[in-house]
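Sequence positions in the sequence shown follow mature numbering (1 follows the signal peptide of the UniProt record, and there is no 0) and run -20 to -1, 1 to 135. Built from N, CA and C at the ideal position, the CB exists for glycine as well.
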Amino acid sequence: MKKKLAILLLLCCAIPYGFAQLHSVSLEQIDSLQSVEKKKTIVFIQTDWCKFCHAMKNTTFKNEEIIKELNNNFYFIHFNAEEKRNVVFNKTTFQFKPTGNNSGTHELAIALGTVNKQLNFPVLCVLNSENEIVFQHNGYLKPKEFKLILEKLKE
């Protein structure tokens, strides 16, 4: 019985380490990272209440090929559009803007995530090494669709 328990415990501990981990950086780190190595930055803008955001986190961003591609060729930022703290990005301070009692949107989410004058979640915003927007997409992306986008972005 002890042997079975030990094997089960070993498997439970070893399984998580067999999978690739997506490395995320903060917006505040981008300038210093770009000075070391120029790469495009992918900003995933989401909210806690968005079911498509959660679906994308649990499928697309768990895909091992995508994780490898993001970790090797891009800087990846996971940004909550309802973040309450001030964020300094591109020498500008962005703040949370309340829209009701317990709701609102961060100015940076609006600046990076507005597509066709609308902010719909999730949003994928790609910045070049000068922090200029080069690509935006709103809505859920399946792993296959996201892989195609990553291939195009590497060109």
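> In or out: Gly119 buried (at least 16 other Cβ within 10 Å) or exposed?
Replying inline: Numbered from 1 along the sequence shown, position 139 holds the residue referred to as residue 119. Exposed, because fewer than 16 other Cβ atoms sit within 10 Å of the Cβ of Gly119.
> What are the uninterrupted segments assigned as beta strand (DSSP E) that are 3 or more residues long and contained completely in the segment 22 to 79, given in chain order?
Replying inline: Counting only runs of 3 or more, we get 54 to 60, 67 to 69, 72 to 74, 76 to 78.
> So Asp28 packs on Asn53, CB below 8 Å; how close in whole Å?
Replying inline: By one-based count along the sequence shown, residue 28 stands at place 48. By one-based count along the sequence shown, residue 53 stands at place 73. Contact doesn't hold; Cβ gap of about 28 Å is too wide.
> Would you report the Cα separation of Leu128 and Lys64, rounded to the nearest angstrom?
Replying inline: Counted from its first residue, the sequence shown places residue 128 at position 148. Counted from its first residue, the sequence shown places residue 64 at position 84. Taking the straight line from one Cα to the other gives about 33 Å.
> What are the start and end residues of the beta strand (DSSP E) that includes Leu107?
Replying inline: Along the sequence shown, one-based indexing puts residue 107 at 127. Start and end: 103 to 107.
>> Suppose contacts are defined by Cβ-Cβ distances below 9 Å. Is Phe56 in contact with Phe24 by that definition?
In response: By one-based count along the sequence shown, residue 56 stands at place 76. By one-based count along the sequence shown, residue 24 stands at place 44. Yes; because the gap between Cβ atoms is below 9 Å, this pair is in contact.
> If Phe126 sits next to Ile46, beta carbons under 8 Å apart, how far is it from one beta carbon to the other, in whole angstroms?
Replying inline: As a position in the sequence shown, residue 126 is number 146, starting the count at 1. As a position in the sequence shown, residue 46 is number 66, starting the count at 1. So it is a contact: roughly 6 Å between Cβ atoms.
>> If you follow the beta strand (DSSP E) that Gly119 is in, where does it begin and where does it stop?
In response: Here residue 119 refers to the residue found at position 139 when the sequence shown is read from its first residue. Counting along the chain, Gly119 falls outside any beta strand (DSSP E), and DSSP gives it neither H nor E.
> Between Leu104, Ala89, Ala(-1), which lies nearest to Lys42 when the distance is taken from Cα to Cα?
Replying inline: Against the sequence shown, residue 42 aligns to sequence position 62. Among Leu104, Ala89, Ala(-1), the Cα nearest to that of Lys42 is on Ala(-1).
>> Among Lys134, Glu131, Glu135, Lys122, whose alpha-carbon lies nearest the alpha-carbon of Thr40?
In response: Sequence index remark: in the sequence shown, residue 40 carries index 60 (1-based). The shortest Cα separation from Thr40 among Lys134, Glu131, Glu135, Lys122 belongs to Lys122.
> Of the choices Asn70, Phe101, Val5, whose alpha-carbon is the least far from that of Asn111?
Replying inline: In the sequence shown, the residue the question calls residue 111 occupies position 131. The residue with the shortest Cα to Cα distance from Asn111 is Asn70.
> CA-CA distance, Val67 and Glu131?
Replying inline: Along the sequence shown, one-based indexing puts residue 67 at 87. Along the sequence shown, one-based indexing puts residue 131 at 151. Taking the straight line from one Cα to the other gives about 30 Å.
>> On the DSSP bridge list, what partners appear for Ile113?
In response: By one-based count along the sequence shown, residue 113 stands at place 133. DSSP lists Leu107 as partners of Ile113.
> What three-state label does DSSP hand Lys132 in the structure shown?
Replying inline: Within the sequence shown, the letter at position 152 stands for residue 132. Lys132: helix per DSSP, three-state reduction.
> Comparing alpha-carbon positions, which option in Phe74, Thr79, Pro78 lies nearest Leu88?
Replying inline: The residue labelled residue 88 in the question sits at position 108 within the sequence shown. Ranking the options by Cα distance to Leu88, first place goes to Phe74.
> Could you check where the beta strand (DSSP E) with His3 kicks off and where it finishes?
Replying inline: Counted from its first residue, the sequence shown places residue 3 at position 23. From DSSP, His3 is part of no beta strand (DSSP E); its letter is neither H nor E.
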